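All residue numbers for the sequence shown refer to the working numbering, where the first residue is 16 and numbers rise by one.
A short worksheet on the structure shown next.
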Amino acid sequence: GHVVNDEITAISTPGHTPGHMVFNITSQGEKAMVVGDLLHSKVQVERPEWTAGVDTDKEASRSNRTMILDKAESEDIIIAAGHFHPDDHIGKVVRMEGKRYWQVIK
């Protein structure tokens with residue numbers, strides 16, 4: 016990714032648009048990601064292969080969504096998903112019984 020400063024790295028995630036990016040933020044030992052248009056619905060956490068009708072490159076969107084969800088799950092990263100409802104747009108990717116789910120952080 017492109018290092019913005021000591022705490023922020025921009026990760027290229029084309030698919031929704033050619034220049035789409037996710038921002039990885041690290042501060043005081045905690046990690047978070049602002050995913051922009053990578054996730055349009057919580058169902059995409061469970062089904063990352065589902066794309067939004069407005070994605071310009073559906074295969075890149077699927078691939079990058081899977082990559083970011085894998086990273087978020089394996090590194091226990093908090094995600095800010097702006098397209099989710101305001102009551103549940105901050106959360107983590109968790110796995111239960113072999114499936115990924117969105118776990119809201121209040």
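Glycine residues also receive a C-beta, built at the ideal position from the N, C-alpha and C atoms.
Because the structure is a prediction, the values reported are computed rather than measured.
{"Query": "One question on the structure: do Lys107 and Ile94 come within less than 8 Å of each other, judged by their Cβ atoms?", "Result": "yes"}
{"Query": "Between Phe99, Ala67 and Ile120, which has its C-alpha nearest Val5's C-alpha?", "Result": "Given that the chain is displayed from residue 16 to residue 121, the structure contains no residue 5 and the question cannot be resolved."}
{"Query": "Relative to the C-alpha of Gln43, which candidate in Ile23, Thr66, His31 and Tyr116 has its C-alpha closest?", "Result": "Ile23"}
{"Query": "Does Arg80 come out as helix, strand or coil in the three-state DSSP assignment?", "Result": "helix"}
{"Query": "Considering only the beta carbon of each residue, do Thr28 and His17 sit closer than 8 Å?", "Result": "no"}
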